[in-house]
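The sequence shown begins at 39 in my numbering and counts up by one. C-beta: ideal position from N, C-alpha, C; glycine also. Note that the coordinates shown come from a computational prediction; the quantities given were computed from them, not determined experimentally.
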Amino acid sequence: MIYGLILADVLMAVLFVFKFSHFPQEIPLFYSRAWGEDQLADFWFILLLPALMHLFMFLNIYFYNKYFLPDHFIRRIINILNWTLMCVFTAVFLRIIIFIT
């Protein structure tokens, strides 16, 4: 799982670096808000997505190790959840970057 996390980080970092010169000052990030200026945020807010991905994954691992360590079924659920988090957060990050540039 750690290799998947590193791969997701590298993929996001490479696209971020290559597209950085084409970023506008504000990007549409908050899609749950009303259309228009309410959705806009400074371009560096996009870095919250990888940070939240790491936070959620490490919290899942921490809670598993603290409360459910001998249970293999819960471990499998946590692994599936972490892989899903990696894929979804990476896909959202990449789609936003590709959409705005």
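According to the neighbour-count rule (16 or more other Cβ atoms, all chains shown, within 10 Å of its Cβ), is residue i buried or exposed?
i	result
ASN120	buried
PHE137	exposed
MET50	buried
PHE131	buried
My assumption, with CB atoms under 8 Å, is that residue i sits in contact with residue j. Please give the rounded CB distance.
i	j	result
LEU86	ILE65	The pair is not a contact, with the Cβ atoms about 12 Å apart (cut-off 8 Å).
PHE106	ILE112	4 Å
Is the Cβ-Cβ distance between residue i and residue j less than 8 Å?
i	j	result
PHE127	LEU67	no
ILE115	LEU53	no
THR139	PHE61	yes
LEU123	PHE94	yes
Pull up the distance between the alpha-carbon of residue i and that of residue j, whole angstroms please.
i	j	result
ASN103	PHE96	10 Å
ALA46	MET39	11 Å
TRP73	PHE83	18 Å
SER70	GLN63	20 Å
ARG133	VAL55	15 Å
PHE58	ASP76	23 Å
List the residues that DSSP assigns as beta-bridge partners of residue i.
i	result
TYR65	First, the amino acid is wrong: residue 65 is Ile here, not Tyr. Its beta-bridge partners are ALA79.
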